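Novice: Numbering (the numbering used here), first residue to last: 105 to 805.
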Amino acid sequence: MSDRASDAVQRSAQGRIGILTVNNPPVNALAAAVRDGIKAGVEAFGGDPNIDAIVLIGGGRTFIAGADIREFGKPPQGANLNDVIAAMENCPKIVVAALHGTPLGGGLETALGAHYRVALPTTRVGLPEVHLGLLPGAGGTQRLPRLTGAKYALDAILSGRHIPAPEAKSKGIVDALVEGDLLAGAVAHAQMLVVQKAPRRRVRDLAVTLESPDLFKDTEKAIARRARGFKAPWNIIKCVQAACELSFDEGIKRERELFVELVTSQESAAQRYYFFAEREAAKVLDVPSDTPQREIRSAGIVGAGTMGGGIAMNFANAGIPVTLLEVKQEALERGLKTIRTNYENTAKRGGMKAEDVDKRMALIKPTLSYDDLKEADVIIEAVFETMEVKEGVFKKLDEIARPGAVLATNTSGLDVNQIANYTKRPGDVIGMHFFSPANVMKLLENVRGKATQKDVIATVMSLSKKIGKIPVLVGVCEGFVGNRMLRQRGVQSAYMLEEGALPQQVDKVIYDFGFPMGPFAMSDLAGNDVGWRIRQGKKEKEQRNVRYTGYIADAICELGRFGQKTGAGYYKYDLPDRTPIPDPEVEKIIEDTSKKLGITRRAISDQEILERCLYPMVNEGAKILAEGMAQRSLDIDVIWVNGYGWPVYRGGPMWWADNVVGLKTVHDALLKYRDASGDPFWEPAPLLRKLVQDGKKFSTV
105 MSDRASDAVQ RSAQGRIGIL TVNNPPVNAL AAAVRDGIKA GVEAFGGDPN
155 IDAIVLIGGG RTFIAGADIR EFGKPPQGAN LNDVIAAMEN CPKIVVAALH
205 GTPLGGGLET ALGAHYRVAL PTTRVGLPEV HLGLLPGAGG TQRLPRLTGA
255 KYALDAILSG RHIPAPEAKS KGIVDALVEG DLLAGAVAHA QMLVVQKAPR
305 RRVRDLAVTL ESPDLFKDTE KAIARRARGF KAPWNIIKCV QAACELSFDE
355 GIKRERELFV ELVTSQESAA QRYYFFAERE AAKVLDVPSD TPQREIRSAG
405 IVGAGTMGGG IAMNFANAGI PVTLLEVKQE ALERGLKTIR TNYENTAKRG
455 GMKAEDVDKR MALIKPTLSY DDLKEADVII EAVFETMEVK EGVFKKLDEI
505 ARPGAVLATN TSGLDVNQIA NYTKRPGDVI GMHFFSPANV MKLLENVRGK
555 ATQKDVIATV MSLSKKIGKI PVLVGVCEGF VGNRMLRQRG VQSAYMLEEG
605 ALPQQVDKVI YDFGFPMGPF AMSDLAGNDV GWRIRQGKKE KEQRNVRYTG
655 YIADAICELG RFGQKTGAGY YKYDLPDRTP IPDPEVEKII EDTSKKLGIT
705 RRAISDQEIL ERCLYPMVNE GAKILAEGMA QRSLDIDVIW VNGYGWPVYR
755 GGPMWWADNV VGLKTVHDAL LKYRDASGDP FWEPAPLLRK LVQDGKKFST
805 V
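1) Run through DSSP, which three-state label would PHE167 get?
2) Quick one: is LEU472 buried, meaning 16 or more other Cβ sit within 10 Å of its Cβ, or exposed?
3) Note the first and the last residue of the continuous beta strand (DSSP E) segment covering LYS469.
4) Kindly identify the DSSP beta-bridge partner or partners of PHE538.
5) Which whole-angstrom value describes the C-beta separation of THR527 and VAL533, a residue pair presumed to lie in contact below a C-beta threshold of 8 Å?
6) Helix, strand or coil for ASP678, going by three-state DSSP, please let me know.
7) Could you please give me the residues that DSSP links to GLY667 through a beta bridge?
8) Just the C-alpha distance for MET589 and LEU606, rounded to the nearest angstrom, thanks.
9) Look at the Cβ atom of VAL487, then the Cβ atom of VAL406, and state whether they are nearer than 7 Å.
10) How big is the Cα-Cα spacing for GLU731 and ARG308?
11) Could you have a look at ARG115 and say whether DSSP puts it in helix, strand or coil?
12) State the start and end residues of the unbroken beta strand (DSSP E) segment that holds LEU795.
13) For the pair the stretch 579-587 and the stretch 731-748, tell me if three or more CB-CB distances fall below 8 Å.
14) I need the boundaries of the alpha helix (DSSP H) containing ILE400, first residue and last residue.
15) Using DSSP with H/G/I as helix, E/B as strand and the rest coil, what is VAL613?
16) What residues in its chain sit with their C-beta under 6 Å from that of TYR474, if we drop five residues either side in the sequence?
17) Under DSSP, the beta strand (DSSP E) around ARG438 begins and ends at which residues?
18) In chain order, which beta strand (DSSP E) runs of at least 3 residues are fully inside the stretch 213-262?
19) Assign ALA555 to one of three DSSP states: helix, strand, or coil.
20) So which of SER803, ASP779, MET721, VAL610 has the shortest CA-CA distance to ARG789?
21) Rounded to whole angstroms, what is the Cα-Cα separation between LEU679 and THR670?
22) Looking at the structure shown, is VAL131 part of a helix, part of a strand, or coil, going by DSSP?
23) Relative to the alpha-carbon of THR769, which residue among LEU792, GLY782, GLY747, GLU603 has its alpha-carbon at the smallest distance?
24) Going by other Cβ atoms of all chains shown within 10 Å of its Cβ, with 16 needed for buried, is LYS452 buried or exposed?
25) Write down the C-beta distance between GLY755 and ILE740 rounded to the nearest angstrom, noting that I regard them as a contact closer than 8 Å.
26) Can we say the stretch 288-307 touches the stretch 136-148, given the rule of at least three CB pairs closer than 8 Å?
27) If I measure Cβ to Cβ from MET456 and keep anything under 6 Å in the same chain, skipping five residues before and after, which residues do I get?
28) ARG706: buried (16+ other C-beta within 10 angstroms of its C-beta) or exposed?
29) Going straight from the alpha carbon of LEU467 to that of GLY423, what length do you get?
30) Does DSSP put THR410 in a helix, in a strand, or in coil?
31) Since CYS717 and SER597 are thought to touch, with beta carbons under 8 Å apart, how far apart are those beta carbons, to the nearest angstrom?
32) Between LEU212 and LEU238, is the Cβ-Cβ spacing less than 7 Å?
33) Go ahead and label PRO180 buried or exposed: buried means 16 or more other beta carbons lie within 10 angstroms of its beta carbon, across all protein chains shown.
34) Just to confirm, are ALA555 and PRO530 a CB contact at a threshold of 7 Å?
35) Flag this pair as yes or no: are the beta carbons of ALA201 and ALA215 separated by less than 7 Å?
36) Rounding to the nearest angstrom, what Cα-Cα distance links ILE443 and ASN543 in this structure?
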């Protein structure tokens, strides 16, 4: 055994029980040294006449938490995990895995190679590889069904969920729960097995229970919509089916083939990139991780509408008391009723216990008085999206908020610097742009103003995670990052309707790319009247500066077609299922508009639609990066995956441009559309030009 292996896996003994302790902080990932150390340790103890059984345990806060995914795509080093597991299974001594923390992925697969498993009751196990576009590649799809039956194993692997230890015990994944000291309990269990002359029970030798001959066909139907565009779920189904129909060795071979197919796929590369990107996005480059934070023990929300109520729920869900302010009793009662209904619906679906509804509601204190916000540690404004209204709110907050309170605006695009200047404490002001519905959507665009203090940034980024959000820090510009890029897609979508496309064609291209819906279906869902009212104030200005985008949208709204809520928008809707139905009346509006504008309609290809919708977004992303409105290209990707439905198996718009399309392709297409139209809209961003010239990517910026 090499020194490297002995550092990562330490050997000791208690009586005649050999102990292998994995020591690879912080989470004991299955790096080459760990794999080598386990294999060497099992073989050494297996041949030691003074050892009767072996306990494999994790040092620190967890058993092996999974594979070292940074090794993926690199030349293999050290022992193969399948060989490590085989060494455990074939060891002449009983091997007991002692589990605590989060034995996930390769960690659970390693444990399944032991003859028996014990765990602390707080342990959570699982095979979450599906979230990386992968499947368990070290026998997980073959061993788990042999313990639990095919149906449970299939559901567990497809969901990638973390399974609590008591449930794992009830399903046979874990043999016993240990109260108190895990090592002592595991050693005692191993000693008991030795005394009882228990067999070396290899999971691979167990039969698989197939509950229904239609299980795999039914599962494919059930996941068809949510697994659209992904590869891993379909390969997982094939693997579990192989466990039922093939011998263990043949099943392992099939699992390997299907794993390799995924690990070399673009989809998995994108998902693995995103896994790291989401974690990096929480880090602020010029705010050190040890920056002191302000203590947040209570929150205040100004506005009990849809957004304010949703934000209040986030704090209550995290156990943070929140005071919810409205100016009228009727509005306050309506907001509280909506919050309670949301909680009750969650409880009905099994998402929370019925008794928790009242516990959460008790954390939300309604008020009509600003004075009740005086002691709040953070106050978030969630009122109507006009600067005049926000000015009044922040001047009032400046009067009553305690010194050191964080004052946040939920604006989706107004100038945070201007809002901050309505106070005498602009350093305490920050944007917290929640996405609707705020109690569901994970993204939180935190907007740093010119004066925002670093401890406020650190506090809000940390707080975001406490209330269950994925935070990304952005700068102050119109629309911030997400909406600013979305605007570019909207412009071209509108133009293409005038030039020859129909809403259903544009939407289908975007849906087929992987978005949950296209721009026109999305507008119908959000309400077409929202943009219409905004355009009324901007129309003359826009017409002077750029080609106006709202002719068709305005004509639709003038007929009262505001979208799903009125039963008609760009589509017709048969309530209550709200399926969009193409409408000849809309087609006539579009054709009439083209005639009025003097545009001869033409056939527009799906490829042109895709390019004109997505390439301008990438180009705008380049401008955002150059201006420093986003720290890194990965921040933009995290915003788009979590806030706007960009398919995670395509990584994000900037990763997609870097690694799938290629920046030169995007750049050259922009020039092609510029030259054909004469529209400066298509001018490539200077950063994009430079990266193409230098042969670099956004990820290098």
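We put the beta carbon where it would ideally sit given N, CA and C, even for glycine.
Predicted, not measured: the structure shown is a model, and the values here were computed from it.
Specialist: Based on what the coordinates show:
1) Coil at PHE167, not helix or strand.
2) Its Cβ having fewer than 16 others within 10 Å, LEU472 is exposed.
3) Counting along the chain, the beta strand (DSSP E) containing LYS469 begins and ends at 468-471.
4) LEU548.
5) The C-beta distance from THR527 to VAL533 rounds to 6 Å, short enough to meet the 8 Å contact threshold.
6) It is a strand residue.
7) Bridge partners of GLY667 according to DSSP: ALA672.
8) Near 22 Å, if we compare the C-alpha coordinates of LEU606 and MET589.
9) Yes, the pair counts as a contact, with Cβ atoms nearer than the cut-off.
10) The alpha-carbon atoms of GLU731 and ARG308 are separated by roughly 57 Å.
11) ARG115 falls in the strand class under three-state DSSP.
12) Segment 790-798 is the alpha helix (DSSP H) holding LEU795; no beta strand (DSSP E) there.
13) The stretch 579-587 is in contact with the stretch 731-748.
14) ILE400: not part of any alpha helix (DSSP H); DSSP gives it neither H nor E.
15) It is helical.
16) Once the five neighbours on either side are set aside, the close Cβ partners of TYR474 are LYS500, ILE504.
17) Counting along the chain, no beta strand (DSSP E) covers ARG438; the unbroken alpha helix (DSSP H) around it starts and ends at 433-452.
18) Scanning the stretch 213-262 for uninterrupted beta strand (DSSP E) segments of 3 residues or longer gives 220-223, listed from N- to C-terminal end.
19) Secondary structure at ALA555: coil, using DSSP grouped into helix, strand and coil.
20) The sequence shown places Ala at residue 789, rather than the Arg named in the question. The residue with the shortest Cα to Cα distance from ALA789 is MET721.
21) Answer to the nearest angstrom: the Cα atoms are 10 Å apart.
22) Coil at VAL131, not helix or strand.
23) Per the Cα distances, LEU792.
24) Answer is exposed; the Cβ neighbour count stays below 16.
25) Actually they do not touch by this definition, with Cβ atoms about 11 Å apart.
26) Touching, no.
27) Cβ-Cβ distances below 6 Å link MET456 to THR450 in the same chain, with the five nearest sequence neighbours on each side left out; the list follows chain order.
28) ARG706 counts as exposed, since fewer than 16 other beta carbons sit within 10 angstroms of its beta carbon.
29) Cα to Cα, the separation comes out at about 7 Å.
30) Helix, per DSSP.
31) About 6 Å separates the two Cβ atoms, so the contact holds.
32) By the CB criterion at 7 Å, LEU212 and LEU238 fall outside the cutoff.
33) By the 10 Å Cβ count, PRO180 comes out exposed.
34) Between ALA555 and PRO530, the C-beta gap is smaller than 7 Å, which places the two residues in contact.
35) Yes.
36) ILE443 and ASN543: Cα-Cα distance of roughly 10 Å.
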